[in-house]
Amino acid sequence: MHLHPNRSARPLGRALLAVLAAGLLVGAGCNADFIKRRLAPPARQPGGGILFRFEAPSARIVQLMGSWPGNDWGRGLAQTGSYLVGLMEKDPESGIWKRIETLPPGRYQYKFKIDEVNWKEDPNNPQRTDDGFGGYNSLLTVR
Numbered sequence: 003m004h005l006h007p008n009r010s011a012r013p014l015g016r017a018l019l020a021v022l023a024a025g026l027l028v029g030a031g032c033n034a035d036f037i038k039r040r041l042a043p044p045a046r047q048p049g050g051g052i053l054f055r056f057e058a059p060s061a062r063i064v065q066l067m068g069s070w071p072g073n074d075w076g077r078g079l080a081q082t083g084s085y086l087v088g089l090m091e092k093d094p095e096s097g098i099w100k101r102i103e104t105l106p107p108g109r110y111q112y113k114f115k116i117d118e119v120n121w122k123e124d125p126n127n128p129q130r131t132d133d134g135f136g137g138y139n140s141l142l143t144v145r
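Numbered according to our numbering, the sequence shown spans residues 3 to 145.
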C-alpha cells in the first residue's frame, strides 16, 4: 500500500478499531445496561421532607439507615417493635427505591441497607465520612 505523503493510516486504523470493538461487544451479548444512571443526591421536597433515592432493581428490601432520632441506624424507637426501620418504597418500573424523611436541621450520616445484609453508601452523594469499619457513610447537612 502506497500512501500519499500528506495522508496517514492512523485515522483509518482508529475507525477500524472502534468498529471491531463495537462488533465484539454486540457479538458477546453485551450492551450498555451496565451503565448506571446518576440520581440526584438527597434534596428537600416542597412538603419539607428530604427525598432519598437508591437504585437496586433486584433488591427485595431496601432500608434507609441513619444517625437521626427515630432511626438510630435501624434501631428506631424501642416502642415501635418494628425491625424494618427506614423501609423504602420501590418503583417497579425504574427499580429506584424512595423514602422521604422529615429531619430537623443538623448534620447526619446515612447508608442504605439492601436485603437486610448489605450496607451501601449513597453513590449519588459525594459527601462522605469514614464509617469506622473500612468503608464510608454518606453525609447530609439539613439547614
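We put the CB at the ideal spot given by N, CA and C, even for glycine.
The structure presented is a predicted model; accordingly, all values stated were derived computationally and were not measured.
Any non-hydrogen atom of the ligand ATP closer than 7 angstroms to residue i Cβ
{"i": "Asp74", "result": "Annotation note on the ligand ATP: not contained in the displayed structure, which lists no ligands."}
Top-ranked residue by Cα proximity to residue i, from the options
{"i": "Val119", "options": "Trp99, Asp132, Leu86, Gln47", "result": "Leu86"}
{"i": "Gly97", "options": "Ile116, Gly72, Asp132", "result": "Ile116"}
{"i": "Gly49", "options": "Val64, Glu103, Trp75", "result": "Glu103"}
{"i": "Ile63", "options": "Trp99, Trp75, Gly136", "result": "Trp99"}
{"i": "Arg145", "options": "Pro107, Gln129, Gly136, Asp124", "result": "Pro107"}
Contacts around residue i, its chain only, beta-carbon distance under 6 angstroms, and the 5 residues preceding and following it disregarded
{"i": "Trp70", "result": "Leu105, Tyr110"}
{"i": "Gly78", "result": "Val87"}
{"i": "Thr131", "result": "Asn139, Leu141"}
{"i": "Gly68", "result": "Tyr110, Tyr112"}
For residue i, three-class secondary structure by DSSP
{"i": "Gly76", "result": "helix"}
{"i": "Val144", "result": "strand"}
{"i": "Val64", "result": "strand"}
{"i": "Trp99", "result": "strand"}
{"i": "Asn139", "result": "strand"}
Spatial neighbours of residue i in its chain, beta-carbon cut-off 8 angstroms, leaving aside the 5 residues before and after
{"i": "Gly25", "result": "With a pLDDT of 47 at Gly25, under the threshold of 50, the modelled position of that residue is not reliable, and the figure given next carries that caveat. Answer for Gly25: no residue qualifies."}
{"i": "Ala45", "result": "Ile52, Leu53"}
Cβ-based neighbour list, residue i, same chain, cut-off 7 angstroms, excluding 5 preceding and 5 following
{"i": "Asp133", "result": "Asn139"}
{"i": "Arg40", "result": "Asn126"}
Length-filtered (3 minimum) beta strand (DSSP E) runs lying within the region 101 to 137
108 to 116, 120 to 122, 130 to 132
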